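Colleague: Residue numbers (my numbering): 48 to 507.
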Amino acid sequence: MTSSVDDIAKVQEAAKRNLWLHFTRMSSYADGDVPVIVRGSGPYVFDQHGRRYLDGLSGLFVSQVGHGRQEIAEAGARQAAELAYFPLWSYAHPKAIELAARLADLAPGQLNRVFFTTSGSEAVESAWKLAKQYFKLTGQPERYKVISREIAYHGTSMGALAITGLADIKYPFEPMTPGGVRVPNTNFYRAPAFVGDDLAAFGQWAADEIERAILREGPNSVAAVYLEPVQNSGGCFPPPPGYFERVREICDRYGVLLVSDEVICAFGRLGYYFGAERYGYQPDIITFAKGVTSGYAPLGGMLVSDALMEPFSSGAATFLHGITFAGHPVSAAVALANLDVFEKEDLPGNVRANEAAFRSTLEKLADLPIVGEVRGDGYFYGIELVKDKATRETFDADESERLLRGFLSHALFDAGLVCRADDRGDPVIQLAPPLICGQEHFDQIEQVLRSVLTEAWTRI
Ligand SMILES: Cc1ncc(COP(=O)(O)O)c(C=O)c1O
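Structural data, given as structure tokens:
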């Protein structure tokens, strides 16, 4: 359904006058339209002009089951009619209970306790608060530091920002919450020269850097290590073989908690309900958000091990933390309906069955001079763009600005593909299509990228 020219103009005017877009240069819309997405269906979304786009990023790594699912929308509406709101402060409601039990069932190991939030940042921050209070309760009050990886994104609220490893989005908000410590990520394409081409050795070195950081900081001061199963920022860094096994050993040796930040990687993105399952490691906490509802309502949370809960389960001990809308009944009902779709359609199985085809379709792009590397797992890929394939030389700040903001972001969207051209690390195109996608969508992604990246090369 398209809107009239007058309606479109009014919406554009109001968007420019009243709405503040996140992480967006508002000035970039001074002479052009704000893209206004009005509806979605399956893996596609439609703008106010009626133009269709393949949602190659699932919105923002969110829309796992795709758009326009009536049964999920109706589950939310039914819950709003029955009990729109009640807090999880001292009370419970049936959908939060049912969802907590279902998530505990799906999660690996003894992650049996669910603390809900409304977002990923709150989940990440809640895990840090839990780690701090847990150690205070158990006689190790000096443990408060958290280790995370360079370029990794863990959220924007002040605590989560201190864990995030992107200097540019932190510096305007300094001073940071104390305690954030950075270690190298698992970007093998840009690994230090001494690692050579030995991926397993690189993984051991990157894991051992966590141990060195713990020793440097003082083992008794470190509370937790935060890692995504596949790091998103920087353009999809999967873990080298043996990496998580070694990290788990190190965490156990020094009594440090392992937090698997699965805000993106959980709920089928890597072909399993949780990324930790795919790579065979056992976290102490899993943080989640995004795909748990496929975006039909906001929800996040953390899955916590029985051992971490234990000091809070008797006497006056209380986790002194709460959020009004956390585990909102409508969001919990929507999450349950979302998980029903996952089960009915075996979406993790669909990802496992098709991921090789997705990879090989994207790898066709490797013949383009601008494509340095195609990397990722499951339905989660980054394509690194380079100026020189042989030397892996990247673009300077000015070229990156012209290429990504000046051309690629608009050109990809104009060509009908929602994805992200990002240069928070080296310039990359990020892809994370809905889990219902198949070969026809992979081909569409490849064709759009081929033509837009070919054009981009002529403009450098
Ligand atoms: C790994 C990771 N952690 C945390 C967050 C923060 O989530 P939110 O934007 O819901 O606060 C994100 C968001 O993209 C993320 O990717």
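Backbone N, C-alpha and C define an ideal beta-carbon position, used for all residues, glycine too. On a predicted model such as this, the values are computed, not experimentally measured, just so you know.
#1: Is MET223 helix, strand or coil when you go by DSSP?
#2: Need the endpoints of the beta strand (DSSP E) that VAL424 sits in, please.
#3: Please tell me whether LEU135 and ALA143 are closer than 8 angstroms, where the distance is taken between their beta carbons.
#4: Please go through the region 276-322 and give each complete alpha helix (DSSP H) segment of 4 or more residues, from N-terminal end onward.
#5: How about VAL351 and LEU158: are their beta carbons less than 8 angstroms apart?
#6: Starting from the N-terminal side, write out each stretch of the beta strand (DSSP E) that is 3 residues or longer and does not extend beyond the region 198-251.
#7: Just the Cα atoms here: how many angstroms apart are ASP445 and ARG471?
#8: Please report the distance separating the alpha-carbon of ASP414 from that of THR438.
#9: At a cut-off of 7 angstroms, is GLU172 close to ligand 1 when judged by its beta-carbon and the heavy atoms of the ligand?
#10: Going straight from the alpha carbon of GLU60 to that of CYS466, what length do you get?
#11: In whole angstroms, what is the alpha-carbon distance linking PRO287 and THR233?
#12: Cβ of ILE311 within 7 angstroms of any heavy atom in ligand 1?
#13: Could you check what DSSP says for ARG190 in three-state terms: helix, strand or coil?
#14: Measuring CA to CA, which of SER166, PHE372, VAL52, ALA458 is closest to GLY342?
#15: How close, in whole Å, do the beta carbons of TYR426 and LEU409 come, if the pair is a contact with beta carbons under 8 angstroms?
#16: Can ASP215 be considered in contact with ligand 1, in the sense that its beta carbon sits closer than 7 angstroms to one or more heavy atoms?
#17: Closer than 7 angstroms: is that where the CB of ALA336 sits relative to any heavy atom of ligand 1?
#18: List the DSSP bridge partners of ILE476.
#19: Rounding to the nearest angstrom, what Cα-Cα distance links LYS192 and PRO345 in this structure?
#20: Using the rule of at least 16 other Cβ atoms within 10 Å of the residue's Cβ for burial, across every protein chain shown, is LEU305 buried or exposed?
#21: Can you check whether the CB of LEU459 is closer than 8 angstroms to the CB of VAL495?
#22: So the beta strand (DSSP E) ILE332 belongs to, where does it begin and stop?
#23: Since I believe ASP94 is in contact with VAL85 (beta carbons under 8 angstroms), could you give me their beta-carbon distance rounded to a whole number of angstroms?
#24: Please say whether GLU118 and ALA380 have beta carbons closer to each other than 8 angstroms?
#25: Am I right that SER168 and SER204 are in contact with their C-beta atoms under 8 angstroms? What's the rounded C-beta distance?
#26: Measure the C-alpha to C-alpha separation of ASP53 and HIS96 and round it to an integer number of angstroms.
#27: Quick one: grab the DSSP three-state call for GLY87.
#28: List the DSSP bridge partners of VAL272.
#29: Measuring CB to CB, does VAL269 end up less than 8 angstroms from ARG190?
#30: Mind listing, in chain order, the continuous alpha helix (DSSP H) runs of no fewer than 4 residues lying wholly within the region 374-421?
#31: Between the beta-carbon of VAL433 and the beta-carbon of GLY423, is there less than 8 angstroms?
#32: Mapping DSSP to helix, strand and coil, what is ASP94?
#33: Check ARG449 in the structure and name its three-state DSSP category.
#34: Cβ atoms of GLY206 and ARG229: under 8 angstroms apart, would you say?
#35: Is the closest heavy atom of ligand 1 to the C-beta of SER378 under 7 angstroms?
#36: Is it buried or exposed for ALA363, if we count other Cβ within 10 angstroms and need 16 for buried?
Modeller: According to the structure shown:
#1: Residue numbering aside, residue 223 sits at position 176 when the sequence shown is read from its first letter. MET223: coil per DSSP, three-state reduction.
#2: The residue labelled residue 424 in the question sits at position 377 within the sequence shown. Contrary to the premise, residue 424 reads as Asp rather than Val in this sequence. Its beta strand (DSSP E) spans residues 418-424.
#3: Counted from its first residue, the sequence shown places residue 135 at position 88. Counted from its first residue, the sequence shown places residue 143 at position 96. Going by C-beta atoms, LEU135 is nearer than 8 angstroms to ALA143.
#4: If one requires a minimum length of 4 residues, the alpha helix (DSSP H) runs lying completely within the region 276-322 are 290-301, in chain order.
#5: Taking the sequence shown and counting its residues from 1, the one referred to as residue 351 is at position 304. Taking the sequence shown and counting its residues from 1, the one referred to as residue 158 is at position 111. Their beta carbons are under 8 angstroms apart, which means VAL351 touches LEU158 by this criterion.
#6: 227-230
#7: Residue 445 sits at position 398 when you count from the first residue of the sequence shown. Residue 471 sits at position 424 when you count from the first residue of the sequence shown. Taking the straight line joining both Cα atoms gives about 14 angstroms.
#8: If you number the sequence shown from 1, residue 414 lands on position 367. If you number the sequence shown from 1, residue 438 lands on position 391. A direct Cα-Cα distance of roughly 16 angstroms separates ASP414 from THR438.
#9: In the sequence shown, residue 172 corresponds to position 125, counting from 1. Not so, every heavy atom of ligand 1 lies at least 7 angstroms from the Cβ.
#10: Residue 60 sits at position 13 when you count from the first residue of the sequence shown. Residue 466 sits at position 419 when you count from the first residue of the sequence shown. Roughly 25 angstroms between the two C-alpha positions.
#11: Position 240 of the sequence shown holds residue 287. Position 186 of the sequence shown holds residue 233. About 7 angstroms.
#12: On the sequence shown, residue 311 is found 264 positions in, with the first residue counted as 1. Flag set: Cβ of ILE311 near ligand 1.
#13: Position 143 of the sequence shown, counted from the start, is the residue given in the question as residue 190. Correct three-state label for ARG190: coil.
#14: Stepping through the sequence shown from its first residue, residue 342 is reached at position 295. For the residues SER166, PHE372, VAL52, ALA458, the minimum Cα distance to GLY342 belongs to SER166.
#15: The residue you call residue 426 lines up with position 379 of the sequence shown. The residue you call residue 409 lines up with position 362 of the sequence shown. With a Cβ gap of about 11 angstroms, TYR426 and LEU409 do not count as contacting.
#16: On the sequence shown, residue 215 is found 168 positions in, with the first residue counted as 1. Residue side-chain check: ASP215 keeps its Cβ at 7 angstroms or more from all non-hydrogen atoms of ligand 1.
#17: As a position in the sequence shown, residue 336 is number 289, starting the count at 1. Yes - ligand 1 has a heavy atom lying nearer than 7 angstroms to the Cβ of ALA336.
#18: If you number the sequence shown from 1, residue 476 lands on position 429. ILE476 pairs with ILE430, ALA468.
#19: Counted from its first residue, the sequence shown places residue 192 at position 145. Counted from its first residue, the sequence shown places residue 345 at position 298. Computed Cα separation, rounded: 29 angstroms.
#20: To locate residue 305, count along the sequence shown from 1; it is residue 258. LEU305 comes out buried.
#21: To locate residue 495, count along the sequence shown from 1; it is residue 448. To locate residue 459, count along the sequence shown from 1; it is residue 412. Between VAL495 and LEU459, the C-beta spacing is below 8 angstroms.
#22: Indexing the sequence shown from 1 puts residue 332 at position 285. Per DSSP, ILE332 belongs to the beta strand (DSSP E) from 332-335.
#23: Sequence index remark: in the sequence shown, residue 85 carries index 38 (1-based). Sequence index remark: in the sequence shown, residue 94 carries index 47 (1-based). So it is a contact: roughly 6 angstroms between Cβ atoms.
#24: Translated into positions along the sequence shown, residue 380 becomes position 333. Translated into positions along the sequence shown, residue 118 becomes position 71. Cβ atoms of ALA380 and GLU118: not closer than 8 angstroms.
#25: Taking the sequence shown and counting its residues from 1, one reaches residue 168 at position 121. Taking the sequence shown and counting its residues from 1, one reaches residue 204 at position 157. Right, the Cβ-Cβ distance comes to about 4 angstroms (below 8 angstroms), so this counts as a contact.
#26: On the sequence shown, residue 53 is found 6 positions in, with the first residue counted as 1. On the sequence shown, residue 96 is found 49 positions in, with the first residue counted as 1. The straight-line gap from Cα to Cα measures roughly 12 angstroms.
#27: Against the sequence shown, residue 87 aligns to sequence position 40. Three-state DSSP puts GLY87 in a strand.
#28: The sequence position of residue 272 within the sequence shown is 225, counting from 1. VAL272 is bridged to ILE194, LEU305.
#29: By one-based count along the sequence shown, residue 269 stands at place 222. By one-based count along the sequence shown, residue 190 stands at place 143. Yes, these two residues count as a Cβ contact at 8 angstroms.
#30: Scanning the region 374-421 for uninterrupted alpha helix (DSSP H) segments of 4 residues or longer gives 376-392, 394-410, listed from N- to C-terminal end.
#31: Locating residue 433 in the sequence shown gives position 386, where the first residue counts as 1. Locating residue 423 in the sequence shown gives position 376, where the first residue counts as 1. It is not a contact, given that the beta carbons lie outside the stated cut-off.
#32: For the purposes of this step, residue 94 is taken as residue 47 along the sequence shown, with counting starting at 1. Correct three-state label for ASP94: strand.
#33: As a working note, residue 449 is residue 402 in the sequence shown. ARG449: helix per DSSP, three-state reduction.
#34: Along the sequence shown, one-based indexing puts residue 229 at 182. Along the sequence shown, one-based indexing puts residue 206 at 159. Cβ atoms of ARG229 and GLY206: not closer than 8 angstroms.
#35: Mapped onto the sequence shown, residue 378 falls at position 331. No, the Cβ of SER378 stays beyond 7 angstroms of every heavy atom of ligand 1.
#36: Looking up residue 363 in the sequence shown gives position 316. Counting Cβ neighbours within 10 Å, ALA363 comes out exposed, since fewer than 16 surround it.
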